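Beneath this line is the structure, given in structure tokens, with notes to follow.
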Amino acid sequence: MNKSYCPSLTEYKRRKTRVVNIGGVPMGGDYPIRVQSMTTVDTMDTLGSVEQCIRMIEAGCEYIRITAPSIKEAENLKNIKDELNRRGYNVPLVADIHFTPNAAEVAARIIEKVRVNPGNYADKKKFEVIEYNDETYQAELDRIRERFLPLVRICKEHGTAMRIGTNHGSLSDRILSRYGDTPLGMVESALEFIRICESESYYDLVISMKASNTQVMVQAYRLLVQKLDEEGLQPYPLHLGVTEAGEAEDGRIKSAVGIGTLLEDGLGDTVRVSLTEAPEAEAPVAKALIDRYIHRAEKAQPIKPICNVPIDPFQYHRRATIEVENLGAQNVPRVIADLSRLTDVQYADLKSVGHLYSMLLDKFNMNDLGADYIYTADNPITFMLPNGLKEIVNYSSWQKAEHSEHRHPLLTTEQYLSDQPRHAKINFIMATINDLTSEVLEKLKTDGTAVLMLHTTNEHAMPELRKCFFRLMNNDVQVPCIIKREYGQLTSDEVQLYASTDVGGLLIDGLGDGIMLGTELLPEQEKGVWLQTIDALNKLSFGILQAARTRMSKTEYISCPSCGRTLFDLQETTAMIRKRTDHLKGVKIGIMGCIVNGPGEMADADYGYVGVGKDKIALYRGQTVVKKSVPADRAVDELIELIREDARWIEPVVLEE
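Straight run, no breaks: the sequence shown in UniProt numbering ends on number 657.
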């Protein structure tokens, strides 16, 4: 199998693409990775759209997308563009098209770029399974060509660029019937349209493969690059995005896991971070993700090339490991909280890692984000830990401290190779890539108590850690591995994005049995500040595991970022739904502003809340509508009732302190 999808797995090299000129702001080639976002104001509100565009430009947007659901909105793009130009702004505009080829054909004559979704540009989705033979399938392709060709010719005539934007949730019935709900189906959906463009010698294309599931999203982009090369098609620039990422820290973590993973491998020429927030809040997040790579090639330490890639980069398989207590094998990845900078841990301090002590009841309650292990370095805990929580200490301190079932040593590789006493069940070994010598690997092969804690100081961290995993796999070493990362004096936003990229990128490939975000590089702080930092890192660890789809510990909200089609206040509604349902561990709820982003876009959701008219909501179970026109003031109650019917509702528990 051809596993090639990027210029290098060990050296930071950006993929070389065609240059696509978009209104004087070129994309691809050696040009910078561009930032973009999408307006949320009604497209017919010319001045409102212009004012929002200006806020977005000032926040860092280099392209602005505006929805054009019908001809009248497409025509009004001229008024928006003219008013922006009159005020001195020449940002390229992109018309967002779903279902309406006639609107696309109007917009393509006015603005610099059109986005079409191949899943609904020439198809009406009926959620039907259709049997095709080669002849009937070709007839469908001929029909699509006839529908799509006029737009291609208009774009070519007017020098208008086009994004062919596949969405995981809105694949056509035809694609689903032949390829299934898969990354390959997403790629083939785009290739059908790309082939038509190339047959007309039209190459001003940008391609995207968006999904709210980060694993699917990453696999689809990788597969697209491989298929373009395999088929001899042009190396088109890539527009990166995790669709319906959500709001606040969850939306940022999820975006970084998907987008950052691809940026690490040199893929991506423009980024849109889809948050359920004002669009001007998206650009700084996209810019922070992009800016990390500006000097990556100069700063990174060289990593030797990989001779054998032991994973399938286009499909998720978790690395096979032995089970060491509750680590590895079929266990969910574990979270290790770093308390090593605290010298005198008290009962109450464990609240920062999800274990809440009640003085009244003299017992601990663990919330859904309760750490599995704590690392205390040379400051062992002096009291009995809550049931289920285990402690890791440095080997020298473990030797001196009272040996208990729930206290485990952390050894260097030198200590590991010695013959000194160890824990009977679990021993953690700290290792970098240079520590994975043949002697260490041989010993690990037959050790049923070893758990590696892999870390790196390389700027190109994720690829070096990935190579560690590949070395283990290629040497048939099946010990569980914890991914350890630490960051110095960065902003909390940068830590959130960088950790999500570095750890999430490995988890997406099935690599890693746990996560530890270290504090050793952080400056000295007051104890209260340390506890806040530990709390934030613990929540971030669980957030990364959830975003990478490897451990579901809280309710997931798949909410669109809003646009001019939205039929209710998306931020307010999302907050309201979250307030009443955020205790439903592992339940996925889609919150969509309109029917365009309805059942398709929330393909991954268990339940859906979709705007279908003014103050009217449709409720979905999966992709099936079960209540078609619920008044907005009753819709959340009806959603909860639907969850009750499926026996998935639990009453929220108030923990006593």
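Glycine is no exception: its CB is placed at the ideal position from the N, C-alpha and C atoms.
Treat the numbers as computed from the prediction; the structure is a model and nothing was measured.
Presumed contact (8 Å Cβ cut-off) between residue i and residue j, rounded CB distance
i	j	result
Pro463	Leu9	6 Å
Gly28	Pro284	About 23 Å separates the two Cβ atoms, so there is no contact after all.
Gly207	Tyr236	For the record, residue 207 in the displayed sequence is Ile; it is not Gly. Ile207 to Tyr236, Cβ: 5 Å. Contact.
Asp96	Met38	7 Å
Val610	Arg648	With a Cβ gap of about 19 Å, Val610 and Arg648 do not count as contacting.
Val35	Val271	6 Å
Gln315	Gln219	7 Å
Val91	Arg65	That pair is no contact at about 11 Å.
Spatially closest choice to residue i from the options, by CA coordinates
i	options	result
Gly159	Arg407, Glu112, Glu192	Glu112
Asn367	Thr382, Thr574, Pro386	Pro386
Glu520	Cys307, Leu327, Glu105, Leu339	Leu339
residue 674	Lys443, Leu570, Gly23, Asp134	Beyond the ends of the chain as shown, which are 1 and 657, falls residue 674; an answer cannot be given.
Met217	Ile33, Val106, Thr166	Thr166
Tyr179	Ala161, Cys6, Glu131	Glu131
Gly119	Ser201, Asn475, Leu191	Leu191
Tyr12	Glu325, Gln330, Leu267, His403	Leu267
Ala548	Met44, Ala74, Arg252, Tyr31	Arg252
residue 718	Gly448, Gln301, Pro235	In this structure the chain extends from 1 to 657, so residue 718 is not present and cannot be described.
Arg153	Gly185, Leu176, Glu105, Arg334	Glu105
Asp312	Ser212, Ser4, Ser201	Ser4
Asn538	Arg485, Gly586, Met576	Arg485
Thr214	Ser500, Arg143, His583, Val612	Ser500
His295	Ala575, Pro32, Met576, Lys614	Pro32
Glu244	Tyr620, Ile589, Val440, Arg634	Ile589
Leu342	Leu151, Ser49, Glu524	Glu524
Leu327	Val636, Val94, Gly518, Asn427	Asn427
Leu233	Thr261, Ser212, Tyr202	Tyr202
Asn458	Asp493, Ala297, His423	Ala297
Tyr498	Ile194, Ser255, Ile64, Gly169	Ser255
Lys81	Pro101, Val50, Asp265	Val50
Ser559	Lys585, Gln532, Thr581, Met592	Met592
Tyr607	Lys616, Val636, Pro631, Gly512	Val636
Arg109	Met162, Pro421, Glu146	Met162
Per DSSP, the bridge partner or partners of residue i
i	result
Pro409	Val393
Pro631	Lys616
Leu454	Ala431, Ile483
Gln36	Tyr63
Lys579	Looking at the DSSP assignment, Lys579 forms no beta bridge with any residue, so it has no partner.
Ile22	Ile22 pairs with nothing; no bridge assigned.
Phe364	Tyr357
residue 704	Here the chain covers residues 1 to 657 and nothing more, so residue 704 does not appear.
Arg621	Tyr607, Thr624
Thr270	Arg34, His239
DSSP state of residue i mapped onto helix, strand, coil
i	result
Ser358	strand
Lys425	coil
Leu517	strand
Tyr89	coil
Glu247	coil
Cys481	strand
Phe542	helix
Ser559	strand
Leu262	helix
Tyr416	helix
Val495	helix
His239	strand
Arg319	coil
Lys588	strand
Val41	coil
Met27	strand
Ile154	helix
Glu657	With a pLDDT of 47 at Glu657, under the threshold of 50, the modelled position of that residue is not reliable, and no figure is offered here.
Leu275	strand
Met384	coil
Met462	helix
Ile97	strand
Ile534	helix
Ile374	strand
Ala161	strand
Met1	coil
Gln489	coil
Closer than 9 Å to chain D by CB, residue i
i	result
Leu263	You won't find chain D in this structure, because it holds only one protein chain.
*At which residue ranges does the stretch 171-237 contain complete beta strand (DSSP E) runs of 3 or more residues, listed in the order of the chain?*
Assignment of beta strand (DSSP E) within the stretch 171-237, counting only whole runs of 3 or more residues, yields 205-210 in chain order.
_I'd like the ranges of any beta strand (DSSP E) spanning at least 3 consecutive residues and lying wholly in the stretch 102-148._
With a minimum length of 3 residues, the continuous beta strand (DSSP E) runs that stay inside the stretch 102-148 are 113-116.
*Output the residue ranges of the alpha helix (DSSP H) runs that lie fully inside the stretch 285-355 and measure 4 residues or longer, sorted by chain position.*
Listed in chain order, they are 296-299.
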